[in-house]
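Colleague: Here you go, one structure.
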Amino acid sequence: MAEINKESKHVKHVEPYSPQSGTMIPLGTQKFLRTCVLWQLIRFVAINIKMTILIVKSHR
Amino acid sequence: MARLVILGAGVAGHTAASFAAKWLSETEDEVVVVTPNALWNWIPSNIWVGVGEMGKEEVTFDLAPVYEKAGAIYKQAKAVSINPEGSADTNKSFVTIEFTGQDKEGESENIEYDYLINATGPKLNFDATPGLGDGNGHLGEHTVSVCTADHAIHASHVLDETIEQMRKGERKKFLIGTGHGMCTCQGAAFEYIFNIEHKLKEEGVRDMADMTWISNESFLGDFGMGGLHFNMGGFVTSSKVFAESLYAERGMDWIIGAHVNKVEAGKVTYETLDGEIDEQEFDFAMLIPPFAGVGLKAYNKAGEDITDTVFAPNGFMKVDADYTVKPYEEWLPSDWPRTLQNPTYKNMFAVGIAFAPPHPISKPMKSPNGTPIIPTPPRTGMPSAMMGKAVVSSIVDMMKGKATEPTHTSSMAEMGAACVASAGKGLFSGTAAAMTVFPIVPDFKKYPGTGRDINGTTGEIGLAAHWVKHLLHHAFIWKAKLKPGWTLIPE
Numbered sequence: 000m001a002e003i004n005k006e007s008k009h010v011k012h013v014e015p016y017s018p019q020s021g022t023m024i025p026l027g028t029q030k031f032l033r034t035c036v037l038w039q040l041i042r043f044v045a046i047n048i049k050m051t052i053l054i055v056k057s058h059r
Numbered sequence: 000m001a002r003l004v005i006l007g008a009g010v011a012g013h014t015a016a017s018f019a020a021k022w023l024s025e026t027e028d029e030v031v032v033v034t035p036n037a038l039w040n041w042i043p044s045n046i047w048v049g050v051g052e053m054g055k056e057e058v059t060f061d062l063a064p065v066y067e068k069a070g071a072i073y074k075q076a077k078a079v080s081i082n083p084e085g086s087a088d089t090n091k092s093f094v095t096i097e098f099t100g101q102d103k104e105g106e107s108e109n110i111e112y113d114y115l116i117n118a119t120g121p122k123l124n125f126d127a128t129p130g131l132g133d134g135n136g137h138l139g140e141h142t143v144s145v146c147t148a149d150h151a152i153h154a155s156h157v158l159d160e161t162i163e164q165m166r167k168g169e170r171k172k173f174l175i176g177t178g179h180g181m182c183t184c185q186g187a188a189f190e191y192i193f194n195i196e197h198k199l200k201e202e203g204v205r206d207m208a209d210m211t212w213i214s215n216e217s218f219l220g221d222f223g224m225g226g227l228h229f230n231m232g233g234f235v236t237s238s239k240v241f242a243e244s245l246y247a248e249r250g251m252d253w254i255i256g257a258h259v260n261k262v263e264a265g266k267v268t269y270e271t272l273d274g275e276i277d278e279q280e281f282d283f284a285m286l287i288p289p290f291a292g293v294g295l296k297a298y299n300k301a302g303e304d305i306t307d308t309v310f311a312p313n314g315f316m317k318v319d320a321d322y323t324v325k326p327y328e329e330w331l332p333s334d335w336p337r338t339l340q341n342p343t344y345k346n347m348f349a350v351g352i353a354f355a356p357p358h359p360i361s362k363p364m365k366s367p368n369g370t371p372i373i374p375t376p377p378r379t380g381m382p383s384a385m386m387g388k389a390v391v392s393s394i395v396d397m398m399k400g401k402a403t404e405p406t407h408t409s410s411m412a413e414m415g416a417a418c419v420a421s422a423g424k425g426l427f428s429g430t431a432a433a434m435t436v437f438p439i440v441p442d443f444k445k446y447p448g449t450g451r452d453i454n455g456t457t458g459e460i461g462l463a464a465h466w467v468k469h470l471l472h473h474a475f476i477w478k479a480k481l482k483p484g485w486t487l488i489p490e
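Residue numbers (numbering that gives the first Met the number 0), protein chains in the order written: chain V, 0 to 59; chain E, 0 to 490.
Below you can see the structure in the form of structure tokens.
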């Protein structure tokens, strides 16, 4: 299991050759953006636009 | 006067009933809804009930007043059988129902119909896995479920007790995922494990939990759709990487390609795609059961059993799909139904989980012991609602004499789906994964390589997606209650 470093907020150690070692682990900036209200307001609009386009394309 | 009977009032059935009642309101035609439930349940939010973030009253409401307002006839009953040719006494098609409420419990009634929509949803087949069920078709004593609002309340209580023990210093093992090799709805389990993890962090006991995901998917992020690819950071990225990243980030282990074949107190036994038989211990487990048809029977005019003609062996209704058995390499988007009309009895349709898919979407796999371990196709949520609306649009056109054949289509190979999977609730601390996929069934001829439109297939995690999830919760309950402007909220 990946050990979480509470100070740096990202993975300190991933065991080599474990399933977890073969994937991406987000670092500080990525994690910050996920809950940054200003950025997420923009993403909120973007997600709604994407979903609206999808709905329009899907109805026949 | 013509009569449309709709069996089931879930997302697909209720959508169909709502539009049918609206579009037929100025005619003498009747809309009859048959459902064994007194309450409508917004199932996607059961996840939040299961972690104590919402109450049952926030995800359910009484159906009777809504149908009264809509002008539909509501019968709280379960459908038992269909006589599409009528019987010795009548030439009219009819469905036999057995009441479960309205002070008529146990009473039977035959309802004649001109058109029938089967939207019964699934039977939660807990007993398919020994120990997962109680032997009488219900949830067993060893695990919890979030499939219904009542199940979710029970799950929440068990979770609270477990957290209380963790506060006293007891380390606990959590096991969340699918309880059989042929399950669908991995997304619900996916949401639940992330919401539990979020809750454990908020309660300050995350470091006392070992969390494991167990699933019949051959890789994380399969979701019963053979996975998907989307544009992430300028790369076409597999949902495998996306999903694995989410689990690894949170320090959760995973067991994939697993068929759970036995559940006991504190332990499951499972077989994996490489043929190994292993065990996993747990203190708290939520395992999704496989789905089956609700067990409707069908009879012809002579009273002979024609269930095999109308329904596939798994109990789901046959529609205009290509059910020819063929290898994965020969599957085509055109195998999937478009009008959802029964090929034998043209006045019957099936939508949502109730229709029999032609085959899975994920590549079928077996263990060396011959055990099939295949996620079955997801057909809940947005696709269900779109099918319900398309089918009822066709039926209303036929009832009004505008057409003799279905006028609308709704194929999972031609439609997309939006899925917002919660990873934790909170106005500013919550996150969710927002995914769009187009089309649901990959079309490798039209979109070589990934099988899907890379511009319409997206995925991201963040607070915005949580807001979208919360918005959808309120919007769809508003819509389902047929409050002002409900038709403006898209399916």
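Just so you know, even glycine gets a beta-carbon here, dropped at the ideal spot from N, CA and C.
Have a look at V391 (chain E) and Q279 (chain E) and give me their C-alpha separation to the nearest angstrom.
Modeller: The sequence position of residue 391 (chain E) within the second sequence is 392, counting from 1. The sequence position of residue 279 (chain E) within the second sequence is 280, counting from 1. Their backbone Cα atoms lie some 46 Å apart in a straight line.
Colleague: Quick check on DSSP: helix, strand or coil for H472 (chain E)?
Modeller: One-based indexing of the second sequence puts residue 472 (chain E) at position 473. Correct three-state label for H472 (chain E): helix.
Colleague: Any contact between the segment 303-311 of chain E and the segment 194-202 of chain E? By contact I mean 3 or more CB pairs, one from each, below 8 Å.
Modeller: no
Colleague: Compare the C-alpha of W466 (chain E) against each of V:I41, V:K56, V:H58 and V:I54 and name the closest.
Modeller: Counted from its first residue, the second sequence places residue 466 (chain E) at position 467. With distances taken between Cα atoms, W466 (chain E) lies closest to V:I41.
Colleague: Would you identify the three-state DSSP class for A247 (chain E), choosing helix, strand or coil?
Modeller: Position 248 of the second sequence, counted from the first residue, corresponds to residue 247 (chain E). Here A247 (chain E) sits in helix by DSSP.
Colleague: Below 6 Å CB to CB, which residues in the same chain sit around L123 (chain E) once its five sequence neighbours on both sides are set aside?
Modeller: Within the second sequence, residue 123 (chain E) is the residue found at index 124, counting from 1. If we look at L123 (chain E) and ignore the five residues flanking it on each side, its Cβ neighbours are C146 and P288.
Colleague: Leaving out five residues before and five after F348 (chain E) in sequence, what residues of the same chain have Cβ atoms less than 6 Å from its Cβ?
Modeller: As a first step, residue 348 (chain E) must be located in the second sequence, where it is residue number 349. For F348 (chain E), where only same-chain residues beyond five positions count, the Cβ hits under 6 Å are I116, L339, Q340 and V390.
Colleague: Ordered along the chain, which non-local residues of its own chain (more than five positions away) have a Cβ less than 6 Å from that of E108 (chain E)?
Modeller: As a working note, residue 108 (chain E) is residue 109 in the second sequence. I96.
Colleague: If contacts are defined as beta-carbon pairs under 8 Å, then V235 (chain E) and I453 (chain E) qualify, I think. What distance do you get, rounded to the angstrom?
Modeller: As a position in the second sequence, residue 235 (chain E) is number 236, starting the count at 1. As a position in the second sequence, residue 453 (chain E) is number 454, starting the count at 1. Yes, V235 (chain E) and I453 (chain E) are in contact; Cβ-Cβ is about 6 Å, under 8 Å.
Colleague: Can a CB atom of chain E be found closer than 8 Å to the CB of L53 (chain V)?
Modeller: Taking the first sequence and counting its residues from 1, the one referred to as residue 53 (chain V) is at position 54. Yes - at least one Cβ of chain E is within 8 Å of the one on L53 (chain V).
Colleague: Please report the distance separating the alpha-carbon of W22 (chain E) from that of K399 (chain E).
Modeller: For the purposes of this step, residue 22 (chain E) is taken as residue 23 along the second sequence, with counting starting at 1. For the purposes of this step, residue 399 (chain E) is taken as residue 400 along the second sequence, with counting starting at 1. Between W22 (chain E) and K399 (chain E), the C-alpha separation is close to 10 Å.
Colleague: Return yes when the Cβ of A464 (chain E) is within less than 8 Å of the Cβ of V419 (chain E), no when it is not.
Modeller: Residue numbering aside, residue 419 (chain E) sits at position 420 when the second sequence is read from its first letter. Residue numbering aside, residue 464 (chain E) sits at position 465 when the second sequence is read from its first letter. Judged by beta-carbon spacing, A464 (chain E) lies within the 8 Å limit of V419 (chain E), meaning their Cβ atoms are closer than that value.
Colleague: CA-CA distance, K365 (chain E) and L272 (chain E)?
Modeller: In the second sequence, counting from the first residue as 1, residue 365 (chain E) sits at position 366. In the second sequence, counting from the first residue as 1, residue 272 (chain E) sits at position 273. In a straight line, the C-alpha of K365 (chain E) is about 6 Å away from that of L272 (chain E).
Colleague: In whole angstroms, what is the alpha-carbon distance linking A20 (chain E) and P129 (chain E)?
Modeller: The residue labelled residue 20 (chain E) in the question sits at position 21 within the second sequence. The residue labelled residue 129 (chain E) in the question sits at position 130 within the second sequence. Whole-angstrom Cα-Cα distance: 43 Å.
Colleague: Between the C-alpha atoms of A71 (chain E) and G105 (chain E), what's the straight-line distance to the nearest angstrom?
Modeller: In the second sequence, residue 71 (chain E) corresponds to position 72, counting from 1. In the second sequence, residue 105 (chain E) corresponds to position 106, counting from 1. The straight-line gap from Cα to Cα measures roughly 22 Å.
Colleague: What residues from chain E crowd round F43 (chain V), counting only those whose CB sits closer than 7 Å?
Modeller: As a position in the first sequence, residue 43 (chain V) is number 44, starting the count at 1. In chain order: A463, W466 and V467.
Colleague: When you compare each of E:F241, E:G223 and E:D28 to F229 (chain E) by their alpha carbons, which one comes out closest?
Modeller: Taking the first residue of the second sequence as position 1, residue 229 (chain E) is located at position 230. Ranking the options by Cα distance to F229 (chain E), first place goes to E:F241.
Colleague: Say whether chain E places a C-beta atom closer than 8 Å to the C-beta of M0 (chain V).
Modeller: Counting from one through the first sequence, the residue named residue 0 (chain V) turns up at place 1. In this prediction, M0 (chain V) scores a pLDDT of 45, lower than 50, which makes its location untrustworthy; the coordinate-derived value is nonetheless stated afterwards. By this cut-off, M0 (chain V) is an interface position.
Colleague: Just list the beta strand (DSSP E) runs in the segment 413-479 of chain E, keeping only unbroken ones of 3 residues or longer that don't cross its boundaries, in chain order.
Modeller: 416-421, 431-436 and 457-461
Colleague: Buried or exposed: E329 (chain E), going by 16 or more other Cβ atoms within 10 Å of its Cβ?
Modeller: Against the second sequence, residue 329 (chain E) aligns to sequence position 330. The residue is exposed, with fewer than 16 neighbouring Cβ atoms inside 10 Å.
Colleague: Give the interface partners of I48 (chain V) over in chain E, defined as CB-CB distance under 7 Å, in chain order.
Modeller: Position 49 of the first sequence, counting from 1, holds the residue named residue 48 (chain V). In chain order: nothing, as chain E lies at least about 11 Å away.
Colleague: Cβ of T22 (chain V) less than 8 Å from any chain E Cβ?
Modeller: Sequence index remark: in the first sequence, residue 22 (chain V) carries index 23 (1-based). Closer than 8 Å to some Cβ of chain E, the Cβ of T22 (chain V) qualifies, so yes.
Colleague: Kindly indicate which three-state DSSP category S238 (chain E) falls into: helix, strand or coil?
Modeller: In the second sequence, counting from the first residue as 1, residue 238 (chain E) sits at position 239. If DSSP states are grouped into helix, strand and coil, S238 (chain E) belongs with the helices.
Colleague: Tell me whether the beta-carbon of R249 (chain E) lies closer than 8 Å to the beta-carbon of E216 (chain E).
Modeller: The residue labelled residue 249 (chain E) in the question sits at position 250 within the second sequence. The residue labelled residue 216 (chain E) in the question sits at position 217 within the second sequence. Taking 8 Å as the Cβ cut-off, R249 (chain E) and E216 (chain E) do not qualify as a contacting pair.
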